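Q:
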């Protein structure tokens, strides 16, 4: 199963180069990285694009205007060749596990939607609150799935 990793970028590329390095290190041949630049590009974005543009499995899509994250993601899906799509923000730190995409592929073979456990690594209060809120939601959904199996079976949240 080919997996497309989609990363929207607006103004600052933050962890984009790190995402590229980690995706390139993953032991999985059927992959592509699709970067969508939303709005005007800048020097910081172009520096990262220059580093990745020679890779045959990387696509860079430029919006002609600022469309916003949701519209950018909806639009860029048409450029993806993967059967499975991973949507990432450009401030996400991916794991160092070289088998990460193999695990994702396996889970996508079992489920239609796979959600990853995330942890806020930011230093501000808001990012920590979002992280704890998300982890609380995971716990609640896990309990619902365990005790109300048939009722909530369409909700799939897995930690890889």
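Residue numbers (this note's numbering): 102 to 261. Backbone N, C-alpha and C define an ideal beta-carbon position, used for all residues, glycine too. Being a predicted model, the structure only gives us computed values, none of them experimental.
#1: For residue 187, count neighbouring Cβ atoms within 10 angstroms of its own Cβ and tell me buried if that reaches 16, exposed if not.
#2: Do you know offhand how far residue 177's Cα is from residue 162's?
#3: Tell me the DSSP secondary structure of residue 209 in three-state form.
#4: Over what stretch of residues does the alpha helix (DSSP H) that includes residue 134 continue unbroken?
#5: Using the Cα positions of residue 153 and residue 173, report the straight-line distance between them to the nearest angstrom.
#6: Classify residue 146 as helix, strand or coil using the three-state DSSP reduction.
#7: Start and end of the beta strand (DSSP E) containing residue 188?
#8: Identify, in the order they occur along the chain, each residue of the same chain with its Cβ nearer than 8 Å to the Cβ of residue 182, setting aside the five sequence neighbours on each side.
#9: Please state if the CB of residue 109 and the CB of residue 149 are separated by a distance shorter than 7 Å.
#10: Buried or exposed: where does residue 199 fall if 16 or more other Cβ atoms within 10 Å of its Cβ makes it buried?
#11: DSSP three-state call for residue 258: helix, strand or coil?
#12: By how many angstroms is the C-alpha of residue 164 removed from the C-alpha of residue 185?
#13: Measure the beta-carbon distance from residue 201 to residue 127 and round it to whole angstroms, keeping in mind my assumption that it falls under 8 Å.
#14: If you run the structure through DSSP and keep just helix, strand and coil, what is residue 122?
A: Looking at the atomic coordinates:
#1: Its Cβ being crowded by 16 or more others within 10 Å, residue 187 is buried.
#2: Using only the alpha carbons, I get a separation of about 7 Å.
#3: helix
#4: No alpha helix (DSSP H) contains residue 134, which is instead part of the beta strand (DSSP E) from 132-138.
#5: Note on geometry: alpha-carbon atoms of residue 153 and residue 173 lie some 20 Å from one another.
#6: In this structure, residue 146 counts as helix in the three-state DSSP scheme.
#7: 185-188
#8: 103, 105, 133
#9: For residue 149 and residue 109, no; Cβs fall outside 7 Å.
#10: It is exposed - the Cβ of residue 199 has fewer than 16 other Cβ atoms within 10 Å.
#11: Note that residue 258 scores a pLDDT of 39, beneath 50, so its modelled location is shaky; the value from the coordinates is reported in the next line. In this structure, residue 258 counts as coil in the three-state DSSP scheme.
#12: Cα to Cα, the separation comes out at about 23 Å.
#13: 6 Å
#14: helix
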